[in-house]
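Engineer: Following this note's numbering, the numbering of the first sequence begins with 655 at its first residue and continues without gaps.
Before I ask anything, let me first share the structure, which is written out below as structure tokens.
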Amino acid sequence: MVQARIESVLVRRPTLRTAFPPDFAARLEGRTVTAVARRAKYLLVSVASGDTLVMHLGMSGSVRIEPGADAGDSEADPHDHVVFALSNRRLVIFNDPRRFGLMDVVATVDLGNHPTIGGLGPEPLSAEFDGYALARACAGRKITLKAALMDQRIVAGLGNIYVSEALHVARLSPHRLASTIATPAGLPRASAHRLAAAIKLVLERAIARGASLTYRGSRFQVYDREGARCRRRGCGGIVRRRTQAGRSTFYCRECQR
DNA sequence: ATTGAGACCTGTCGGC
DNA sequence: TGCCGACAGGTCTCAA
């Protein structure tokens, strides 16, 4: 998309999780894309006029590319909600069956003030995210480790699957209080360093694998493996499932403390 | 400050 | 085979 001009924007369905801004298409049409980036789970497409297209895939969203000059050229899938026709004769098609996704246009300079994007915590794979940062954010917090890692303000971009996975790699119970990985002064205990490293490892491995959306059948250590044997060498525990805040958490009682 | 429940909406899967 | 309920990767808001 970078360097290409957005020739036209076809909105087939103007409501996902929230309604699109009324001037959505007008603010993008005729603009040249200057940068494509990602922050947490938000996709950011900046255009030369100083606006940024913000997209979120929700739970079931995807983007695909097709050749074509006109938005009407794309194959009609009932869940293709937005089609961007580019000057390089490619169509960028946003598809989201469940419509939990999000589509917005905001002034690029205001991204930092955006209610959710502005408050996002550090990117987990960045150098600024480490045991120190994690301990600082968790110090004194009376929430469980699971809730802490799901909180995008503490660390950005982890979801239900990789929270379970990271806690397993770090051998930490999802039910432990977040405050226990830090000293009262907010300095990291060994567990904080372990957890930060586990988060990075789990994400790097997932990305290297292609982080396929076809998560079923993947080789997760604990996620979606209730009743199965813990994969940790020499552990032999049984993976449990418990609901926390309405979401399934998978963990091994034997090796996660 | 923190938790829990419910809402958004559709598809898929397991059980009967 | 067909129907029906349970459940799903993510936010967001409201009540307690």
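Glycine included, each C-beta is placed from N, C-alpha and C at the ideal position.
Buried or exposed: Gly773, going by 16 or more other Cβ atoms within 10 Å of its Cβ?
Structural biologist: Position 119 of the first sequence holds residue 773. Exposed.
Engineer: Alpha carbons only, please: which of Arg753, Arg744, Arg659 and Ile835 is nearest the one belonging to Ser703?
Structural biologist: As a first step, residue 703 is located in the first sequence; it is residue number 49 there, counting from the start. Of the listed residues, the one whose Cα sits closest to Ser703 is Arg659.
Engineer: If Pro707 sits next to Val656, beta carbons under 8 Å apart, how far is it from one beta carbon to the other, in whole angstroms?
Structural biologist: For this step, residue 707 is matched to residue 53 along the first sequence. For this step, residue 656 is matched to residue 2 along the first sequence. Here residue 707 turns out to be Leu, not Pro, going by the sequence shown. 13 Å between Cβ atoms; not a contact.
Engineer: Touch check for the stretch 777-789 and the stretch 719-728: three-plus C-beta pairs under 8 Å?
Structural biologist: no
Engineer: Provide the residue span of the alpha helix (DSSP H) that contains Asn814, from first to last.
Structural biologist: Position 160 of the first sequence, counting from 1, holds the residue named residue 814. Start and end: Asn814 to Val823.
Engineer: Quick check on Tyr877: does DSSP put it in helix, strand or coil?
Structural biologist: Walking along the first sequence from the start, residue 877 turns up at place 223. Note: Tyr877 maps to coil in three-state DSSP.
Engineer: Please determine if the stretch 796-803 and the stretch 821-829 are in contact, where contact requires at least 3 C-beta pairs separated by less than 8 Å.
Structural biologist: yes
Engineer: Buried or exposed, going by whether 16 or more other CB atoms sit within 10 Å of the CB of Val893?
Structural biologist: On the first sequence, residue 893 is found 239 positions in, with the first residue counted as 1. That one is buried.
Engineer: If I follow the unbroken alpha helix (DSSP H) through Ala680, where does it start and stop?
Structural biologist: By 1-based counting over the first sequence, the position of residue 680 is 26. No alpha helix (DSSP H) holds Ala680; DSSP gives it neither H nor E.
Engineer: Sort out for me which residues DSSP pairs Phe904 with in a bridge.
Structural biologist: Position 250 of the first sequence, counted from the first residue, corresponds to residue 904. BP columns for Phe904 point to Arg895.
Engineer: What do you get for Thr897, buried or exposed, if any count of 16 or more other CB atoms within 10 angstroms of its CB means buried?
Structural biologist: As a working note, residue 897 is residue 243 in the first sequence. Result: exposed.
Engineer: Bridge partners of Phe748, per DSSP?
Structural biologist: For the purposes of this step, residue 748 is identified with residue 94 of the first sequence, where counting begins at 1. DSSP, once it has assigned bridges, lists Val717 and Val736 as partnering Phe748.
Engineer: Decide yes or no for the touch test of the stretch 853-862 against the stretch 876-886: beta carbon pairs closer than 8 Å, at least 3 of them.
Structural biologist: The stretch 853-862 and the stretch 876-886 do not touch, with fewer than 3 CB-CB distances between them shorter than 8 Å.
Engineer: Going by DSSP in three states, Val763 sits in which element: helix, strand or coil?
Structural biologist: Taking the first sequence and counting its residues from 1, the one referred to as residue 763 is at position 109. Note: Val763 maps to helix in three-state DSSP.
Engineer: Go to Leu855, then tell me how far its alpha helix (DSSP H) extends in each direction, as first and last residue.
Structural biologist: As a first step, residue 855 must be located in the first sequence, where it is residue number 201. Here the alpha helix (DSSP H) through Leu855 covers Ala844 to Arg863.
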